[in-house]
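Below: one structure, written as structure tokens.
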Amino acid sequence: GQQVMQIPQYQHVQEGEDFTTYCNSSTTLSNIQWYKQRPGGHPVFLIQLVKSGEVKKQKRLTFQFGEAKKNSSLHITATQTTDVGTYFCAGRGATDKLIFGTGTRLQVFP
Amino acid sequence: NAGVTQTPKFRVLKTGQSMTLLCAQDMNHEYMYWYRQDPGMGLRLIHYSVGEGTTAKGEVPDGYNVSRLKKQNFLLGLESAAPSQTSVYFCASSLTGNTEAFFGQGTRLTVV
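Which chain is which? The protein sequence lines are A and B, in order.
The first sequence begins at 1352 in the numbering used here and counts up by one.
The second sequence begins at 1150 in the numbering used here and counts up by one.
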């Protein structure tokens, strides 16, 4: 079945440093979504990418969808303490299942 | 505007007991999902529904049953709870299969 892996599992950075998390699917995805979950909270939608090679930006966050539509990345420039949380990618393959990645937990030290 | 509401928020069960988790959404969404979240495992899809009266298995369906009798409600049942089902359960809904998912606040279930 469809599997979605993310690396790294954890990342600790100093405030102001950059951060990147990578998402890899075992199957081709129709789209990829990214979510953020604050500690003790629930996942909140950030963005959706649909097209092969698509790049989208939200302020300091840059999202990319791979050419083969099997991988994606989220890059945060100059992290802030408000960026703390777990970042998940989620994708759909040939079925209606929305499969989440394993997540990357980001800790930012001031 | 409530969005997605889960009931209850916390529950402790004894092994072998049964219970039902309720998820209600007021956004007229077609798709609804149940996930469980365990440390280091991310969110794993238990069951999902693409419309009223439909259900389908996700990644980890064993030990759970679901029903979607009304469009706004998606029920998750545990017939005979086991300690391995101790987890945080999240319900989510989306308008279609290609739109964002909205999550409930979660239910923390402990089976002793």
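Note that the Cβ used here is the ideal one computed from N, Cα and C, for glycine as well.
Neighbouring residues, chain A, relative to residue i (Cβ below 9 Å)
i, result
"Tyr1197 of chain B", "Asp1447, Lys1448, Leu1449"
"Phe1239 of chain B", "His1393, Pro1394"
"Asn1247 of chain B", "Ser1381, Asn1382, Gln1399, Val1401, Arg1443"
"Leu1194 of chain B", "Lys1448, Leu1449, Ile1450, Phe1451"
For residue j and residue i, believed in contact at Cβ under 8 Å, the rounded distance
i, j, result
"Arg1456 of chain A", "Thr1428 of chain A", "So it is not a contact: roughly 19 Å between Cβ atoms."
"Lys1448 of chain A", "Tyr1180 of chain B", "That pair is no contact at about 10 Å."
"Pro1394 of chain A", "Phe1252 of chain B", "5 Å"
"Val1237 of chain B", "Gly1212 of chain B", "Contact doesn't hold; Cβ gap of about 16 Å is too wide."
"Thr1453 of chain A", "Met1168 of chain B", "Not really, about 28 Å apart at Cβ, beyond 8 Å."
"Arg1193 of chain B", "Tyr1184 of chain B", "6 Å"
As assigned by DSSP and simplified to three states, the class of residue i
i, result
"Thr1154 of chain B", "strand"
"Ser1229 of chain B", "coil"
"Gln1360 of chain A", "coil"
"Gln1388 of chain A", "strand"
"Gln1431 of chain A", "coil"
"Gln1234 of chain B", "helix"
"Ser1423 of chain A", "strand"
"Met1190 of chain B", "coil"
"Val1355 of chain A", "strand"
"Gln1464 of chain A", "Any property of residue 1464 of chain A remains undetermined from this structure, which presents chain A solely from 1352 to 1461."
"Gly1404 of chain A", "coil"
"Ser1376 of chain A", "strand"
"Val1209 of chain B", "coil"
"Val1261 of chain B", "coil"
"Arg1217 of chain B", "coil"
"Ser1243 of chain B", "strand"
"Gln1399 of chain A", "strand"
"Asn1222 of chain B", "strand"
"Gln1409 of chain A", "strand"
"Asn1382 of chain A", "strand"
"Thr1446 of chain A", "coil"
"Thr1204 of chain B", "coil"
Within chain A, partners of residue i - CB distance below 7 Å
i, result
"Gln1254 of chain B", "His1393"
"Asn1177 of chain B", "What Asn1177 of chain B touches in chain A: nothing, since even the nearest Cβ is about 18 Å away."
"Ala1250 of chain B", "Phe1396, Leu1449"
"Tyr1182 of chain B", "Leu1449"
"Gly1191 of chain B", "Phe1439, Phe1451, Gly1452, Thr1453, Gly1454"
Proximal chain B residues relative to residue i, where beta-carbon distance stays under 7 Å
i, result
"Gln1362 of chain A", "Ordered by position in chain B, no residue passes the 7 Å Cβ test against Gln1362 of chain A, which lies about 14 Å from the chain."
"Gly1417 of chain A", "Residues of chain B passing the Cβ test: none, with the nearest at roughly 18 Å."
Residue interval of the beta strand (DSSP E) (run including residue i)
i, result
"Val1199 of chain B", "Careful: Val1199 of chain B lies outside any beta strand (DSSP E) and carries neither H nor E."
"Phe1443 of chain A", "First, the amino acid is wrong: residue 1443 of chain A is Arg here, not Phe. Where Arg1443 of chain A is concerned, the enclosing beta strand (DSSP E) stretches over 1436-1443."
"Leu1162 of chain B", "1159-1162"
"Gln1174 of chain B", "1168-1174"
"Gln1415 of chain A", "1412-1416"
"Leu1457 of chain A", "1455-1460"
Partners in chain B for residue i, counting only beta-carbon separations shorter than 9 Å
i, result
"Arg1389 of chain A", "Per Cβ cutoff of 9 Å: no residues; Arg1389 of chain A is ~12 Å from chain B at best."
"Gly1436 of chain A", "Neighbours of Gly1436 of chain A on chain B: none; closest Cβ ~14 Å, over 9 Å."
Beta-carbon neighbours of residue i, restricted to chain A and to distances below 8 Å
i, result
"Met1168 of chain B", "Ordered by position in chain A, no residue passes the 8 Å Cβ test against Met1168 of chain B, which lies about 20 Å from the chain."
"Glu1208 of chain B", "Gly1352, Lys1448, Ile1450"
Residue i Cβ short of 7 Å to the ligand ZN heavy atom set
i, result
"Thr1371 of chain A", "Summarising the ligand content, the structure contains no ligands, and the ligand ZN is consequently not present."
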